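Below: the structure, in structure tokens.
Chains as they are written, first to last, in the working numbering: chain A, 1 to 292; chain B, 293 to 379.
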């Protein structure tokens, strides 16, 4: 069957005047899409520039000022995290306002506790953490070791007490300690961004931390359409249409049931990991809501 | 820090496999080049538990960059043996 693409139709037109008219009309038809993509490209570059600037200002001005004003290290960390959370919220609001993306966050009402939460999510894009940090304000993250050695970002992550992924033993022990003390922790059990076309695969780390700390687990499924900012897509690659994000908070899980029904701690963590993987996978396979 | 022979380290490693990870092994049949992940089904979290268990025994911590190259039982025992000797 022959396609009805503009190029195919144009090849069938032999009258020069009709062909010129057809090309002008086709261009005018596609102009809004081209303008939209150009605008989103400009907005994306500007906003990532703004994000870098905000990080620089936080690192060089806001956080050093906070360290002078607040002496108590715990309160200083907490205030620093609120500042980071605010910056994340501002960034995603700006992206939405500028037309780069649309987003909805569903299920906030299902999380009533505010302390000792282990937030577990899939990781399709570069900016998933920003959505989670904007919702769960006083949270710790596990970040790449490179961020701890980068001259701009290292001060921020040190100040707010994020954990480095450099040493797996330290990651497990410190995560458990944070949750037992009532802190919140955001974890991406895939370890890195998802690979498009491949099923999700979770390391047992998040489930193990949950079982050992008896934290309340908050599973979150993040969907993004069309795919963007994924592992093999550079941050400046602008999709054909405006991106839609849907962040679905899937309630809370009390790990006691898993601990009591399993013979060993290991089998409890395997069962919890399987449960998290299946519930998040099931939601990510669903269609995005039209109002997203 | 406790000084242990390679044989003692190996036996303690087997104890951890059996008692902590609850993996059934035949000590007479298992070899030094047995692959921990492919043949014993150990994942990254089990490996962390093994490192913690061995650290408690020897008082010596393996460096994080060494973790990734520990594929077999001998890799673990030799790395710990070296770390104990150099501590």
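We put the beta carbon where it would ideally sit given N, CA and C, even for glycine. Predicted, not measured: the structure shown is a model, and the values here were computed from it.
{"Query": "Helix, strand or coil at residue 109/A according to DSSP, with G and I counted as helix", "Result": "helix"}
{"Query": "Range of the contiguous beta strand (DSSP E) that encloses residue 43/A", "Result": "Per DSSP, residue 43/A belongs to no beta strand (DSSP E); it is in the alpha helix (DSSP H), 16-57."}
{"Query": "Three-state class that DSSP yields for residue 378/B in the structure shown", "Result": "helix"}
{"Query": "Alpha carbon of residue 129/A to alpha carbon of residue 111/A, nearest angstrom", "Result": "18 Å"}
{"Query": "Local conformation of residue 219/A per DSSP, three classes", "Result": "strand"}
{"Query": "Straight-line gap, residue 102/A to residue 153/A (C-alpha atoms, nearest Å)", "Result": "28 Å"}
{"Query": "Against chain B: residues of the segment 155-168 of chain A by CB proximity under 9 Å", "Result": "166, 167 and 168"}
{"Query": "Listed by chain order, chain B residues near residue 172/A by CB distance under 7 Å", "Result": "340"}
{"Query": "Same chain, Cβ closer than 8 Å to residue 364/B, neighbours up to 5 away in sequence not counted", "Result": "324, 325, 326, 327 and 328"}
{"Query": "C-alpha gap between residue 19/A and residue 239/A, whole angstroms", "Result": "30 Å"}
{"Query": "C-beta neighbour in chain B for residue 208/A, strict 7 Å", "Result": "yes"}
{"Query": "is_contact[residue 7/A, chain B] using C-beta, thresh 7 Å", "Result": "no"}
{"Query": "Exposed unless 16 or more other CB atoms sit within 10 angstroms - verdict on residue 14/A", "Result": "exposed"}
{"Query": "Three-state class that DSSP yields for residue 92/A in the structure shown", "Result": "helix"}
{"Query": "Ranges of the alpha helix (DSSP H) found wholly within the segment 212-278 of chain A, counting only runs of at least 4", "Result": "256-261"}
{"Query": "C-alpha gap between residue 176/A and residue 32/A, whole angstroms", "Result": "52 Å"}
{"Query": "N-terminal and C-terminal residue of the beta strand (DSSP E) that residue 187/A is part of", "Result": "184-187"}
{"Query": "Validate contact between the segment 302-317 of chain B and the segment 165-179 of chain A using beta carbons, cut 8 Å, 3 pairs", "Result": "no"}
{"Query": "Cutoff 7 Å: residue 317/B Cβ touching any chain A Cβ", "Result": "no"}
{"Query": "Near-chain A residues of the segment 300-313 of chain B (beta-carbon distance less than 8 Å), N- to C-terminal order", "Result": "313"}
{"Query": "Endpoints, beta strand (DSSP E) assigned at residue 117/A", "Result": "117-121"}
{"Query": "Which residues DSSP lists as bridging residue 12/A, in chain order", "Result": "DSSP, once it has assigned bridges, lists no residue as partnering residue 12/A."}
{"Query": "Helix, strand or coil at residue 340/B according to DSSP, with G and I counted as helix", "Result": "helix"}
{"Query": "Residue 102/A - partner residues in DSSP beta bridges", "Result": "244/A"}
{"Query": "Within-7 Å CB hit, residue 203/A to chain B", "Result": "yes"}
{"Query": "Where the beta strand (DSSP E) through residue 143/A begins and ends", "Result": "139-143"}
{"Query": "Same chain only: Cβ atoms within 6 Å of residue 207/A, ignoring 5 sequence neighbours per side", "Result": "269, 272 and 273"}
{"Query": "Any 3 or more C-beta pairs closer than 8 Å across the segment 91-98 of chain A and the segment 186-195 of chain A", "Result": "no"}
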